[in-house]
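Colleague: Got a structure for you, written out below as structure tokens; questions coming shortly.
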Amino acid sequence: MKDFKRLTAAVIAAAAVISTAVSCSSKKKDSNKEKATEAGQSAESTTAKDTSDSAGKPDTSMEIYWLSDYDINPAEGEKRSTALSLFEDVYNGKVTYLPTTAEDKYNELASQINAGAAVDMFPYDAKVFPDGVMRDLFAPLDPYYEDLGMDSGIWDEMSGVIDMFAYKGQHYVMPYSISDPFVLTYSRKLMQSEGIDDPRKLWQEGKWDWNALKSMIEKFKSNNPGAYRIGINGWYGQAALASTGHRVVEFDGNTLKNNIYDPEIANAVSLTNDILLNGWYSANWRDTFPTDFNTLFLASTDWTLPISNAANPEADLMIVPFPKEPNADKNYISCNFDARMLVKNSDNSNAVATYIKCERLAASDETMKKKTKEYATTVHKNQSGTFRSFVTEEQYDALMEYTDLSKVTPVFDYGYGMGDAMTGYGAYTNDTRGAMYRITDTEVGKDWEAIKNTFSPVIDEQIAQYNN
Numbered sequence: 001m002k003d004f005k006r007l008t009a010a011v012i013a014a015a016a017v018i019s020t021a022v023s024c025s026s027k028k029k030d031s032n033k034e035k036a037t038e039a040g041q042s043a044e045s046t047t048a049k050d051t052s053d054s055a056g057k058p059d060t061s062m063e064i065y066w067l068s069d070y071d072i073n074p075a076e077g078e079k080r081s082t083a084l085s086l087f088e089d090v091y092n093g094k095v096t097y098l099p100t101t102a103e104d105k106y107n108e109l110a111s112q113i114n115a116g117a118a119v120d121m122f123p124y125d126a127k128v129f130p131d132g133v134m135r136d137l138f139a140p141l142d143p144y145y146e147d148l149g150m151d152s153g154i155w156d157e158m159s160g161v162i163d164m165f166a167y168k169g170q171h172y173v174m175p176y177s178i179s180d181p182f183v184l185t186y187s188r189k190l191m192q193s194e195g196i197d198d199p200r201k202l203w204q205e206g207k208w209d210w211n212a213l214k215s216m217i218e219k220f221k222s223n224n225p226g227a228y229r230i231g232i233n234g235w236y237g238q239a240a241l242a243s244t245g246h247r248v249v250e251f252d253g254n255t256l257k258n259n260i261y262d263p264e265i266a267n268a269v270s271l272t273n274d275i276l277l278n279g280w281y282s283a284n285w286r287d288t289f290p291t292d293f294n295t296l297f298l299a300s301t302d303w304t305l306p307i308s309n310a311a312n313p314e315a316d317l318m319i320v321p322f323p324k325e326p327n328a329d330k331n332y333i334s335c336n337f338d339a340r341m342l343v344k345n346s347d348n349s350n351a352v353a354t355y356i357k358c359e360r361l362a363a364s365d366e367t368m369k370k371k372t373k374e375y376a377t378t379v380h381k382n383q384s385g386t387f388r389s390f391v392t393e394e395q396y397d398a399l400m401e402y403t404d405l406s407k408v409t410p411v412f413d414y415g416y417g418m419g420d421a422m423t424g425y426g427a428y429t430n431d432t433r434g435a436m437y438r439i440t441d442t443e444v445g446k447d448w449e450a451i452k453n454t455f456s457p458v459i460d461e462q463i464a465q466y467n468n
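In terms of UniProt numbering, the sequence shown opens at residue 1 and continues consecutively.
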């Protein structure tokens with residue numbers, strides 16, 4: 001508890017001198033993370049009293065070797081993330097970057113482990129679980145709960161998400177936050193002109209479901225039958241499946257189970273089929289909400305919102321999660337899980353756990369959240385004075401609401417972590433992609449009976465490799 005109080009005091013002191021900036025890693029999802037300036041003299045004086053090795057020398061036991069396709073250390077001219085600032089300033093920690101590529105990182109990790117090389121921490125992605133964990137590439141974090149601050153209360157809201165990844169009673173994946181929810185971007189100006197209800201208001205009233213979505217699209221199309229009008233553009237199949245709260249591959253903490261015959265999976269596929277076959281969907285790729293107002297919804301994660309605002313500054317854009325399945329008991333969402341993995345045989349396990357605690361504190365501390373919001377809602381303009389990107393305060397508050405775990409329930413389909421037969425892109429054609437992509441594809445109509453008959457044996461075969 002004394003250690004946690006020291007860390008909290010350092011956060012408060014650092015926050016007094018923070019001017020946040022965005023971390024510029026090579027990962028798009030990390031480009032939306034908040035960043036902090038160097039912790040100031042007040043933070044340093046706070047930690048100097050309590051840290052036994054505060055003479056400016058890094059504690060070698062707190063050095064982490066980070067194998068990844070992106071660096072969490074700042075590039076020249078950038079500022080450190082809040083988590084890294086805390087790790088370095090409070091614990092005299094250090095992160096040494098071991099570069100690899102996105103394509104080779106798992107093979108490189110296995111080679112490093114087999115060679116007994118120094119590697120401690122690895123980025124989480126969907127392939128981590130169950131594949132990476134069941135291939136014995138990682139170690140559980142349970143022995144390091146004190147270093148993680150598990151009894152301090154900072155992890156309480158994440159407990160359900162953490163338990164979702166529990167394997168045989170132990171916790172290898174401990175998300176410190178969720179991010180990048182799949183959302184639908186729409187124009188409130190367009191909705192009002194068409195006499196259509198505001199989806200966000202329906203969401204707040206508990207009325208935002210598949211039926212409401214379809215009714216809106218039908219009205220939008222029927223308002224001007226001769227015009228070229230689209231209901232949805234973008235990628236939404238994964239979100240539609242998640243909105244049921246059901247998974248193609250289930251997991252009970254010990255074994256994986258083929259769930260493709262679940263009627264709710266069929267319902268999600270039927271929804272995407274209906275939207276496609278009714279002519280409500282456009283597969284033309286866009287990275288911003290269309291400026292011609294012939295599209296009702298743009299489906300994507302939230303990364304498209306800032307540039308959509310810049311392209312449509314007068315459209316009064318808003319976002320809403322993909323609607324819930326009418327019979328679902330909660331607002332289930334598809335999103336990313338932010339976590340760091342402890343590598344098997346790490347010599348610095350305590351340091352990794354401590355760094356993860358710093359990530360959690362940075363994600364949960366209210367002062368840090370306010371600083372993040374200040375930066376996120378800053379308007380960025382080109383030299384010409386035109387908008388480059390921006391997010392309004394109202395949009396930001398909505399996004400925070402859609403990642404509030406008291407209001408939404410994240411869903412992770414374990415099929416996404418089971419290798420190329422399940423999630424591979426193949427030759428980038430529909431018939432060569434993995435099972436999960438074929439099931440959630442929104443660009444091609446699907447014969448559900450044929451899909452089940454084709455992929456149920458594939459799923460069974462893949463599951464058999466992990467259930468041992």
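No residue lacks a Cβ here, since even glycine has one placed at the ideal position from N, Cα and C.
Taking 9 Å as the threshold (C-beta atoms), are residue 299 and residue 182 in contact?
Modeller: Yes. Within cutoff.
Colleague: If distances are taken between C-alpha atoms only, which option among 251, 60, 85, 64 comes closest to residue 368?
Modeller: It is 85.
Colleague: Can you grab the Cα-Cα spacing for the pair residue 250 / residue 261, in whole Å?
Modeller: Computed Cα separation, rounded: 12 Å.
Colleague: Going by DSSP, which residues form a beta bridge with residue 233?
Modeller: For residue 233, which the question treats as bridged, DSSP gives the partners 282, 298.
Colleague: Quick one: using the 10 Å Cβ neighbour count with 16 as the cut-off for buried, is residue 215 buried or exposed?
Modeller: Classification of residue 215: exposed, given that the 10 Å Cβ count is below 16.
Colleague: Give me the residue from 106, 424, 222, 450 with the minimum Cα distance to residue 294.
Modeller: Measuring from the Cα of residue 294, the nearest candidate turns out to be 222.
Colleague: State the CB to CB distance for the pair residue 66 and residue 109, rounded to an integer number of angstroms; the pair is presumed to be in contact (CB under 8 Å).
Modeller: Not confirmed; about 11 Å, so no contact.
Colleague: Quick check: what's the CA-CA separation for residue 89 versus residue 310?
Modeller: Answer to the nearest angstrom: the Cα atoms are 38 Å apart.
Colleague: Okay, do the segment 222 to 242 and the segment 141 to 148 touch, 3+ Cβ pairs below 8 Å being the bar?
Modeller: Contact between the segment 222 to 242 and the segment 141 to 148 is absent, because fewer than three Cβ pairs lie under 8 Å.
Colleague: Could you tell me the distance, in whole angstroms, from the CA atom of residue 332 to the CA atom of residue 365?
Modeller: Roughly 25 Å separates the two Cα atoms.
Colleague: Hey, residue 134 and residue 360: beta-carbon distance below 9 Å or not?
Modeller: No, they are not a contact pair.
Colleague: Measure the Cβ-Cβ separation of residue 413 and residue 177 and say whether it is below 9 Å.
Modeller: Their beta carbons are not under 9 Å apart, which means residue 413 does not touch residue 177 by this criterion.
Colleague: For residue 378 and residue 459, I'd like the C-alpha separation in whole angstroms.
Modeller: Each residue's alpha carbon lies about 46 Å from the other.
Colleague: Name the DSSP bridge partner or partners of residue 256?
Modeller: Per DSSP, 251.
Colleague: Would a C-beta distance cut-off of 9 Å place residue 442 and residue 335 closer than the cut-off?
Modeller: Contact: no.
Colleague: Over what stretch of residues does the beta strand (DSSP E) that includes residue 168 continue unbroken?
Modeller: Where residue 168 is concerned, there is no enclosing beta strand (DSSP E), given that its DSSP letter is neither H nor E.
Colleague: At a cut of 8 Å, does the segment 111 to 120 reach the segment 340 to 359 through at least three beta carbon pairs?
Modeller: Output reads yes: the segment 340 to 359 touches the segment 111 to 120.
Colleague: Exposed or buried, which one is residue 92 when buried takes at least 16 other CB atoms within 10 Å?
Modeller: With 16 or more other Cβ atoms within 10 Å, it is buried.
Colleague: If you draw a straight line from the C-alpha of residue 401 to the C-alpha of residue 186, how long is it?
Modeller: Their backbone Cα atoms lie some 17 Å apart in a straight line.
Colleague: With a threshold of 8 Å, are at least 3 pairs of Cβ atoms found where one atom belongs to the segment 432 to 451 and the other to the segment 267 to 286?
Modeller: Result yes; three or more Cβ-Cβ pairs closer than 8 Å.
Colleague: Buried or exposed for residue 325, going by 16 or more other Cβ atoms inside 10 Å?
Modeller: Looking at its Cβ environment, which holds 16 or more other Cβ atoms inside 10 Å, residue 325 is buried.
Colleague: Below 9 Å between beta carbons: does that hold for residue 312 and residue 288?
Modeller: In contact: residue 312 and residue 288 (Cβ atoms closer than 9 Å).
Colleague: Mapping the DSSP letters down to three states, classify residue 456 as helix, strand or coil.
Modeller: Note: residue 456 maps to helix in three-state DSSP.
Colleague: Assign residue 225 to one of two classes, buried (16 or more other C-beta atoms within 10 Å of its C-beta) or exposed (fewer than that).
Modeller: Residue 225 should be labelled exposed.
Colleague: How about residue 457: is its C-beta nearer than 9 Å to some C-beta of chain D?
Modeller: No chain D appears in the structure shown, which is made up of a single protein chain.
Colleague: Using only CA atoms, which one of 435, 64, 100, 424 lies nearest to residue 87?
Modeller: Of 435, 64, 100, 424, the residue nearest in Cα terms is 64.
Colleague: If you scan the segment 358 to 386 from start to end, which runs of the alpha helix (DSSP H) of 4 or more residues do you find wholly inside it?
Modeller: With a minimum length of 4 residues, the continuous alpha helix (DSSP H) runs that stay inside the segment 358 to 386 are 366 to 376.
Colleague: Report yes or no: do the segment 204 to 220 and the segment 188 to 196 share at least 3 C-beta pairs separated by less than 8 Å?
Modeller: Result yes; three or more Cβ-Cβ pairs closer than 8 Å.
Colleague: If you draw a straight line from the C-alpha of residue 180 to the C-alpha of residue 330, how long is it?
Modeller: So the alpha carbons of these two residues sit roughly 19 Å apart.
Colleague: In angstroms, rounded to a whole number, what distance separates the CA positions of residue 375 and residue 393?
Modeller: About 11 Å.
Colleague: Is residue 179 helix, strand or coil when you go by DSSP?
Modeller: Residue 179: strand per DSSP, three-state reduction.
Colleague: What are the start and end residues of the alpha helix (DSSP H) that includes residue 275?
Modeller: Per DSSP, residue 275 belongs to the alpha helix (DSSP H) from 263 to 277.
Colleague: Heavy atom of the ligand SAH less than 8 Å from the Cβ of residue 160, yes or no?
Modeller: Judged by which ligands are present, the structure shown has none, so any question about the ligand SAH falls away.
Colleague: Tell me the DSSP bridge mates of residue 340?
Modeller: Answer by DSSP bridge pairing, in chain order: 123.
Colleague: Pull up the DSSP beta-bridge partners for residue 64, would you.
Modeller: Partner(s): 95.
Colleague: Going by DSSP in three states, residue 216 sits in which element: helix, strand or coil?
Modeller: The answer is helix: DSSP assigns residue 216 an H, G or I state.
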